[in-house]
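Protein chains in written order, with the working numbering: chain A, 1 to 500; chain B, 501 to 866.
All residues carry an ideal CB built from backbone N, CA and C; glycine is no exception.
Predicted, not measured: the structure shown is a model, and the values here were computed from it.
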Amino acid sequence: MLSEIILKMEGISKSFPGVRALHNVDFTLRRGEIHALMGENGAGKSTLIKIITGVYEKDAGQITIEGRPVQFKSPQDAQNMGIGTVFQEIALCPNLTVAENMFIGRSRSNFVKWKQMNAKAAEMLKSLGIPASPTQELASCSIAVQQMIAIARAVDMDCKILILDEPTSSLDEDEVQKLFALMRELKARGVGIIFITHFIDQVYEISDRITVLRNGELIGEYETAALPQIELISKMMGKALSDVTAMKKHEPPKAENSVPIFEAKELSSAAGVKPFNFAIQKGEVNGFAGLLGSGRSESVRAIFAADKVTGGEVKINGKRVKIKTPLDAMKQGIGYLPEDRKGDGIIDELSVRDNIILALQVMKGFFKPLSWKQTEEFAHQFVEKLEIKTPSLNTPIKSLSGGNQQKVILARWLLTHPMYLILDEPTRGIDVGTKVEIQKLVLKLAEEGMSLTFISSEIDEMLRVCSRLIVMKDREIIGELSGMNLTEQDVMHMIAQGGK
Amino acid sequence: MEALSTTKQRSRISNSTLLFIIAGIIFFLMYGFALISFPGSFMQFQTFFDLFNFNAALFIVTLGMCIVMIAGGIDISVGAVCGLVTMACAMLLQSGAGNVWEALLLALGIGLAFGLMHGYLIAYLEIQPFIITLAGMFLAQGLLTTLHKDPLNVTKPAFVALRNFTIEIPWLGTVNRLGVFIPCEIKPGVFVVLVLVILYAVLMKWSRFGRNVYAVGGNIQSARMLGINVKKTLFLSYVICGLTAGIGGFVFLMTTGAGNIGNGALFEIKAIAANVMGGILLNGGVGNLLGAPIGTLTLLTINELIRAAGVQSNLQAIVSGLLLYLFIVLQSIVMSLRSGRKFRLTLPPWLKPHRLPEEKEAGNQG
């Protein structure tokens, strides 16, 4: 295959205040290839993409397109150089027709020539094999077709480089195949495609080459055919941090015939995980392992009913219960510390005290307010117990560091005395010291008889804390690992082999 | 060309068209009901024409509002602006300082001024349209009462001639009890309505601006990503709405011949209601411009029906209100059915007939 380099990025660096997002990263895209850009959260994929598309300006490095050095000042610049981007969120207007969506905003003419536009669109749709009619309203197309139309628009704007950012995350199997067919068609036409996804299998199905980033650094560029899945996964996850303080994993009480404290059968939610079974014993710490986007969070959100539950049944201590809203879950003694601290967890403007007592107050109902003295007492108690560093109880939570914010939310849930607590990425973005503190706290709580589910992107952290791991891949539970001596290798093997 | 036909598989009609058709059917049903119930008055063509003759200003104001609503906005100042224009023009004409043409220019000027101001504040300073046009409504009302408190009849001959000018349709009319043929009469304001309807319908369907309005109303974020000048589009939609309200004011004066504090009162509310009945969604992006006159006709027919029934006038408002509820619920049912969701009547939990025993337990704990 004659491979001519179409985009070359060399020594790209980018820093934000306090964070080094990219450091000396190279990336090369050839004409007519599909190049997967891989990496876990925070690896720097999106920063790199934003530099290519002109959203961010690079701090250092050089970009050349077809051998000419370029400097993007705005997304418009990048578009004019033939870089088209299709995001996960489709940026089209659902109320306009397919043809309009392909051409609106591009013509300088004051009048719309419907016939001409529809004819051009029909030709385009036909040549790309997109099953849509130009006069159809966009909203009546499936998401996959809408995605294809967005691609068709980009292609029609003479794009040489097409960036597809998580295009398949809301598509079903059939739709993914249709999208892939279109990608292959464009590839044959010589378009260079950068493909970003969390679905490993899809990478192996369609891509020619893989670039892996981790922690803002280039790990390497590989021929897809020459890189086994297991190696890709280990490259994405990286080596374990060796800051491990000696921690004794908590062994769950051996009681084979005891009734699980929480049990779910065929549970499914609107967020789209395959219906799954799950159970947890009293005093057990387990975890959902898998790469980002594998459905870890979606599963625990289904347990807590944070997403609309669409099916399945739930038992608590062997008794059937209905959990339809987070409040139901809370009343059953389930706590959930969400992954997105900023969005789902803290309430920025409220004080540390108010943030701590929030969940308890909600459970008691707003007509039975806690007295000022009570709240003061509770808050004080937890600030001491968890060593939350705050100037005062009345400080707005937004002025605390990430680790301390996390502790506040943890305190909020501990105050409600849950019997089962779900921690989704409780250690993300916080310093190592606090991380270890939180890990220790989890083990201590389990010893006291609480059941916990602990999720982390860092496998070694989960291995330290959990006695049982539920392994997920592509939104499905593929297996379970338990035992005191699990290693990262075990987990990676399971993900790569898709269970067994 | 063969392959082309295969791609033309399931071209469903668009939401805009569907809602427009529903609005049309509702109007015909409503008018048909009126014909059956009160053949005496509704069988006469003149009754139909009078809906236009006496309400031309409302039709016009509704058209401007329609464009703003499709863009996803709202303009509640139109009624007050309309009233202000009638009084300002009446004073200009009555003081003898200006002729009819100058009065028309004044009407356009006032409407344009409000439109420019609202458009700028909403589109470029990104302030909530509701608040901005609420302020505009107060301003226009204040100016109106400051100008002149009492009704002001325009007696300028040139204007009176215009006011009394009617066009007779010689081949259409009714024969009265004495056997005299009375032809149908149409006021010049109706032609203004007609011209504007055609003009705006063309604008919304075939102009770049019109399509941009739909795009902005459909999804403002996407519209920006698609390279549409969102701010300019929003700005222009409010300018057109203001200008239209100015024209509406002048037509109002042409109909009644007097400036009055109560002129145009509640037009903004009626215009919104009429548009909703015409299938223009408040969320923006959906609706056919021709729905605006259809909706206005439905609204007026309802009022005429109730008046013909001889019930109290406050019942008019009650019935209009109830019907509006009905329309909006109907629209949202249609829209949710179309977006593939199953329609389910969602009841609050305490209204549901059966409660599972577990649910009760869940409620009792904690």
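query                                                                                                                        : result
Bridge partner(s) assigned by DSSP for A:Val-285                                                                             : A:Leu-452
Cβ shell of A:Leu-22 (< 7 angstroms), same chain only, five flanking positions each side left out                            : Ile-12, Ser-13, Lys-14, Gly-44, Thr-47, Leu-48 and Gly-216
Local Cβ density within 10 Å of B:Pro-657, reported as buried at 16 or more and exposed below that                           : exposed
Straight-line gap, B:Cys-741 to A:His-35 (C-alpha atoms, nearest Å)                                                          : 50 angstroms
Inter-residue CB distance, A:Asn-95 and B:Tyr-714 (contact presumed, cutoff 8 angstroms)                                     : 6 angstroms
Residue interval of the beta strand (DSSP E) (run including A:Met-9)                                                         : 5-16
Expected contact under 8 angstroms - CB spacing of B:Phe-665 and B:Pro-688 to nearest Å                                      : 6 angstroms
Segment limits, beta strand (DSSP E) that includes A:Gly-84                                                                  : 83-86
Residue-chain proximity (B:Met-569, chain A), Cβ-Cβ < 7 angstroms                                                            : no
Candidates A:Ala-188, A:Leu-213 and A:Arg-214, of which the one nearest A:Ile-206 by Cα                                      : A:Ala-188
Exposed unless 16 or more other CB atoms sit within 10 angstroms - verdict on A:Arg-68                                       : exposed
Spatial neighbours of A:Thr-390 in its chain, beta-carbon cut-off 7 angstroms, leaving aside the 5 residues before and after : Val-352, Val-383, Leu-400 and Asn-404
Contact between the stretch 431-447 of chain A and the stretch 464-481 of chain A (3+ Cβ pairs under 8 angstroms)            : yes
The ligand NAD heavy atom lying under 6 angstroms from the CB of B:Val-568                                                   : Of the ligands one can find in the structure shown there are none, so the ligand NAD has no counterpart to examine.
Per DSSP, cross-strand counterpart(s) of A:Thr-224                                                                           : Answer is none; A:Thr-224 lacks a bridge partner.
Closest Cα partner of A:Met-330 within the set A:Lys-364, A:Asn-355 and A:Glu-298                                            : A:Lys-364
Complete alpha helix (DSSP H) runs within the stretch 51-99 of chain A (minimum length 4 residues, chain order)              : 75-80
Residues near A:Ala-246 by beta carbon distance below 7 angstroms, same chain, minus five either side                        : Note that A:Ala-246 scores 43 on pLDDT, short of 50, meaning its location in the model is unreliable; the coordinates nonetheless yield the value given after this. The answer is none, since no qualifying residue turns up.
Beta carbon proximity, A:Ile-193 to chain B, threshold 7 angstroms                                                           : no
Beta-carbon neighbours of A:Val-112, restricted to chain D and to distances below 9 angstroms                                : No chain D is part of this structure, whose protein chains are labelled A and B.
Proximity below 7 angstroms, CB of A:Tyr-222 to CB of A:Ile-210                                                              : yes
CB contact below 7 angstroms: A:Ala-78 versus chain B                                                                        : no
Residues of the stretch 86-104 of chain A whose Cβ lies closer than 8 angstroms to any Cβ of chain B, in chain order         : Ile-90, Ala-91, Leu-92, Cys-93, Pro-94, Asn-95, Leu-96, Thr-97, Glu-100, Asn-101 and Ile-104
Inter-residue spacing [alpha-carbon to alpha-carbon] between A:Gly-60 and A:Val-212                                          : It should be noted that the sequence gives Ala, not Gly, for residue 60 of chain A. Roughly 20 angstroms between the two C-alpha positions.
C-beta atoms of A:Arg-296 and A:Ile-455 nearer than 7 angstroms                                                              : yes
Chain A contact for B:Ser-700 (CB, 7 angstroms cutoff)                                                                       : Inspection of the sequence shows that residue 700 of chain B is occupied by Tyr rather than by Ser. No, because no Cβ of chain A sits closer than 7 angstroms to the Cβ of B:Tyr-700.
Selection of the stretch 720-737 of chain B by Cβ proximity to chain A, strictly under 9 angstroms                           : Gln-721, Ser-722, Ala-723, Arg-724, Met-725, Leu-726, Gly-727, Ile-728 and Asn-729
Residue span of the beta strand (DSSP E) that contains A:Gly-290, given as start and end                                     : Here A:Gly-290 belongs to no beta strand (DSSP E), and DSSP marks it neither H nor E.
Given B:Thr-674 as reference, the closest of B:Gln-546, B:Phe-538, B:Val-834 and B:Ser-836 once Cα atoms are compared        : B:Gln-546
Exposure of A:Asp-340, with buried meaning 16 or more beta-carbon neighbours within 10 Å                                     : exposed
Neighbourhood of B:Lys-731 by C-beta, 8 angstroms cutoff - its chain only, sequence neighbours within 5 removed              : Ala-623 and Tyr-624
Neighbour flag for B:Gly-718 against chain A, beta carbons, 7 angstroms                                                      : yes
Interface flag, A:Glu-175 vs chain B, CB-CB below 7 angstroms                                                                : no
Span of the beta strand (DSSP E), counted from its first residue to its last, around B:Tyr-738                               : Run containing B:Tyr-738: none in the beta strand (DSSP E); it sits in the alpha helix (DSSP H), 730-756.
Where A:Arg-30 sits in the DSSP three-state scheme                                                                           : strand
Residue closest to A:Met-102, alpha-carbon to alpha-carbon, out of A:Met-450, A:Asp-158 and A:Lys-50                         : A:Asp-158
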